[in-house]
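Numbering (numbering that gives the first Met the number 0), first residue to last: 0 to 341. Input: a single structure, listed below in structure tokens.
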Amino acid sequence: MRRTTVVLTSLVSATALVSTVGLAGCSKRKAAGGSVKMDGSSTVFLISAAVAESYKKEKGGDASVGASGTGGGFKKFCRGELDIVGASRPIKATESDECKRAGVEWIELPVAYDGLAVVVNPKNTWVDHLTVDELKQMWAPEAQGSITNWSQIRDGWPDRPLRLSGAGVDSGTYDYFTQAVVGKEHSSRGDFAQSEDDNTLVQGVAGDENALAFFGYAYYAENKDKLKVVPIDDGEPDNGAGAIAPSPQTVVDGTYQPLSRPIFIYVSVGAAKKPEVDKLVTYYLEQASSLASRVGYVGLPAKVTDLTKARFKARKTGSVFTGGSKVGVTLESLLSAEHAGS
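What follows is the structure in structure tokens.
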């Protein structure tokens, strides 16, 4: 895979697009009206917001973008309320069945790579890395009520309360994290602070020396002065020696495992018949790599982008994933296999 350098712009600017193109950045607010309706993942929101702003400036088209979470977005999508839903993990079988019952066909389109950052407060002096097994010890369902202190995770760590926070259970980020760390999607302890607003999670960790949280890399990258990122050791020598920190390079070259993932948009087949939707999605796929890097994600390699464009042009329905999140797979291998068999 090629290596991509990320040039960040302010996430505050991305959220400020609300006034520019009628976007709704807060998960509890409804998106304003527009000719093309997008909603879903708060992670994908950043890219979709950038696309919508650029599209309005260059092409004069309008779009509304909400951030109700991946799960909440799919519910709206399968009810026919959206043209496009952003998702930070592949569609689940239950969601696919719900859309099928409602007569909503869809096209799955990856738009970027993301890494999930595990972060602590900068005043946390004892954590220099974590293993996947230690993360599982913290987050597994059986940890609820029993793993409550840092000293329980590793010998020598202080007798201080362990305060966990992360994406809400309707979030695709939560689904992917639990699959990668616990080994089962949507399975974790329930006594952690949840939010669909990643900025709320950032503020929580920034204000608590005993906190640990997970969320999309872009939110860490924008708040490096407030947070300390934790390198992760997955115990697999093929992914690099020892603990690896998330970065644009380690996400795209696959060494930051198991917390690197693709992120997606799903387009309604019916909506794609409308010229304004077809034009916006075509523009989205053309601009996704450059705009993704501007808001802190990693653009797709050229071959994956070409395969994704071909998938949309052919109106190829269904998912190249089966049953939800998959850890450690590559988009290029999945899409190439599909293309070869078509």
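The beta carbon of each residue, even a glycine, is placed where N, CA and C say it ideally should be. In this text, all values refer to a predicted model and were calculated from it rather than measured experimentally.
- Can you tell which of Ser-170, Arg-100, Ile-106, Ser-95 has its C-alpha closest to the C-alpha of Arg-314? If you number the sequence shown from 1, residue 314 lands on position 315. It is Ile-106 whose Cα lies nearest to the Cα of Arg-314.
- With a Cβ-Cβ cutoff of 8 Å, do Arg-318 and Pro-89 count as a contact? Position 319 of the sequence shown, counting from 1, holds the residue named residue 318. Position 90 of the sequence shown, counting from 1, holds the residue named residue 89. The sequence shown places Ser at residue 318, rather than the Arg named in the question. Yes, these two residues count as a Cβ contact at 8 Å.
- Query: Less than 7 Å between the CB of Gln-193 and some heavy atom of the ligand ZN, yes or no?
  - Reply: Looking at this structure, you won't find the ligand ZN or any other ligand, since it has none at all.
- On the three-state DSSP scale, how would you describe Thr-130? Counted from its first residue, the sequence shown places residue 130 at position 131. Strand at Thr-130.
- Message: By the three-class DSSP mapping on this structure, what secondary structure does Glu-235 have?
- Response: Sequence index remark: in the sequence shown, residue 235 carries index 236 (1-based). Looking at Glu-235 - three-state DSSP - the assignment turns out to be coil, as it is neither helix nor strand.
- Using three-state DSSP, classify Ser-318 as helix, strand or coil. On the sequence shown, position 319 is the one that residue 318 refers to. Correct three-state label for Ser-318: coil.
- Message: Output needed for Ala-15: all residues of its chain with C-beta closer than 6 Å, excluding positions within five of it in sequence on either side, in chain order.
- Response: Translated into positions along the sequence shown, residue 15 becomes position 16. Note that Ala-15 has pLDDT 40, beneath the 50 cutoff, so the model's placement of it is unreliable and the number below is only indicative. Contacts found: none.
- Message: Given this structure, state the Cα-to-Cα distance separating Leu-330 from Pro-300, to the nearest angstrom.
- Response: As a first step, residue 330 must be located in the sequence shown, where it is residue number 331. As a first step, residue 300 must be located in the sequence shown, where it is residue number 301. If you take the alpha carbons of Leu-330 and Pro-300, they lie about 10 Å apart.
- Neighbourhood of Thr-316 by C-beta, 7 Å cutoff - its chain only, sequence neighbours within 5 removed: By 1-based counting over the sequence shown, the position of residue 316 is 317. So the qualifying residues of the chain are Glu-104, Trp-105, Ile-106, Val-268.
- Query: What's the call for Trp-138, buried or exposed, on a 16-neighbour Cβ count within 10 Å?
  - Reply: On the sequence shown, residue 138 is found 139 positions in, with the first residue counted as 1. Flag for Trp-138 reads buried.
- What separation, rounded to the nearest whole angstrom, lies between the Cα atoms of Asn-148 and Phe-263? Within the sequence shown, numbered from 1, the residue matching residue 148 stands at position 149. Within the sequence shown, numbered from 1, the residue matching residue 263 stands at position 264. Cα-Cα distance, rounded: 36 Å.
- Query: Would the beta-carbon of Glu-195 fall within 8 Å of that of Gly-39?
  - Reply: Within the sequence shown, residue 195 is the residue found at index 196, counting from 1. Within the sequence shown, residue 39 is the residue found at index 40, counting from 1. Not in contact: Glu-195 and Gly-39 (Cβ atoms no closer than 8 Å).
- Query: How far does the alpha helix (DSSP H) with Asp-207 in it reach, from first residue to last?
  - Reply: Within the sequence shown, residue 207 is the residue found at index 208, counting from 1. Premise fails: Asp-207 is in no alpha helix (DSSP H) and is neither H nor E.
- Chain-order list of residues whose beta-carbon lies under 6 Å from that of Phe-76 (same chain, five-residue window excluded): As a position in the sequence shown, residue 76 is number 77, starting the count at 1. Excluding residues within five positions, the ones whose Cβ falls inside 6 Å are Val-84.
- Query: Which term fits Arg-100, buried or exposed, when burial requires 16 or more other beta carbons within 10 angstroms of its beta carbon?
  - Reply: Locating residue 100 in the sequence shown gives position 101, where the first residue counts as 1. Its Cβ having fewer than 16 others within 10 Å, Arg-100 is exposed.
- What does a CB cutoff of less than 6 Å around Leu-134 pick up in its chain, not counting 5 residues either side in sequence? Position 135 of the sequence shown, counted from the first residue, corresponds to residue 134. Taken in chain order, the residues that qualify are Val-180.
- Message: Count Cβ pairs between the stretch 203-221 and the stretch 157-168 that sit closer than 8 Å; are there 3 or more?
- Response: yes
- Query: What runs of the beta strand (DSSP E), each 3 residues or longer, lie entirely inside the stretch 73-127?
  - Reply: If we require 3 residues or more, the beta strand (DSSP E) runs fully inside the stretch 73-127 come out as 83-86, 105-119.
- Item | Between the CA atoms of Leu-226 and Ala-339 - distance to the nearest angstrom | Numbered from its first residue, the sequence shown carries residue 339 at position 340. Numbered from its first residue, the sequence shown carries residue 226 at position 227. One C-alpha to the other measures close to 44 Å.
- Message: Strictly by DSSP, which residues pair up with Asn-148?
- Response: Residue 148 sits at position 149 when you count from the first residue of the sequence shown. Here Asn-148 is bridged, per DSSP, to Pro-160.
- Whose CA, out of Thr-93, Gly-253, Asp-61, Tyr-296, lies closest to the CA of Asp-82? What you label residue 82 is simply residue 83 of the sequence shown in a count that begins at 1. Among Thr-93, Gly-253, Asp-61, Tyr-296, the Cα nearest to that of Asp-82 is on Asp-61.
- Task: Taking only the alpha-carbon atoms, compute the straight-line gap between Gln-143 and Ala-271 and give it to the nearest angstrom.
- Result: Numbered from its first residue, the sequence shown carries residue 143 at position 144. Numbered from its first residue, the sequence shown carries residue 271 at position 272. Spanning the alpha carbons of Gln-143 and Ala-271 requires a straight line of approximately 45 Å.
- With DSSP as the reference, label Gly-245 as helix, strand or coil. On the sequence shown, position 246 is the one that residue 245 refers to. What sits at residue 245 in the sequence shown is Pro, not Gly. Residue state, collapsed to three classes: coil.
- Item | From Phe-320, Tyr-255, Val-251, Val-64, residue whose alpha carbon lies closest to that of Ser-292 | On the sequence shown, residue 292 is found 293 positions in, with the first residue counted as 1. Ranking Phe-320, Tyr-255, Val-251, Val-64 by Cα distance to Ser-292 puts Val-251 first.
- My understanding is that Ala-48 touches Val-64, with C-beta atoms under 8 Å, so please give their C-beta distance in whole angstroms. Reading the sequence shown from its first residue, position 49 is the one you call residue 48. Reading the sequence shown from its first residue, position 65 is the one you call residue 64. Rounded, the Cβ-Cβ distance is 5 Å, consistent with contact.
- Message: Quick check on the DSSP output: the alpha helix (DSSP H) that includes Gln-178 runs from which residue to which?
- Response: Numbered from 1 along the sequence shown, position 179 holds the residue referred to as residue 178. Per DSSP, Gln-178 belongs to the alpha helix (DSSP H) from 171-180.
- Query: Helix, strand or coil for Lys-55 per DSSP?
  - Reply: Counted from its first residue, the sequence shown places residue 55 at position 56. The answer is helix: DSSP assigns Lys-55 an H, G or I state.
- Query: Within this structure, are the beta carbons of Phe-214 and Leu-115 separated by less than 8 Å?
  - Reply: Here residue 214 refers to the residue found at position 215 when the sequence shown is read from its first residue. Here residue 115 refers to the residue found at position 116 when the sequence shown is read from its first residue. Yes.
- Pairwise C-alpha distance: Ala-192 and Gln-202: In the sequence shown, residue 202 corresponds to position 203, counting from 1. In the sequence shown, residue 192 corresponds to position 193, counting from 1. If you draw a straight line from the Cα of Gln-202 to the Cα of Ala-192, it comes to about 12 Å.
- Task: Please list, in chain order, all residues of the same chain as Val-35 whose beta carbon is under 6 Å from its beta carbon, the five residues on each side excluded.
- Result: Counting from one through the sequence shown, the residue named residue 35 turns up at place 36. Excluding positions up to five away in sequence, the list reads Ala-62, Asp-82, Glu-275, Val-276, Leu-279.
- Would you mind stating whether Val-229 and Tyr-219 have Cβ atoms separated by less than 8 Å? Position 230 of the sequence shown, counting from 1, holds the residue named residue 229. Position 220 of the sequence shown, counting from 1, holds the residue named residue 219. Cβ distance not < 8 Å, so Val-229 and Tyr-219 don't count as in contact.
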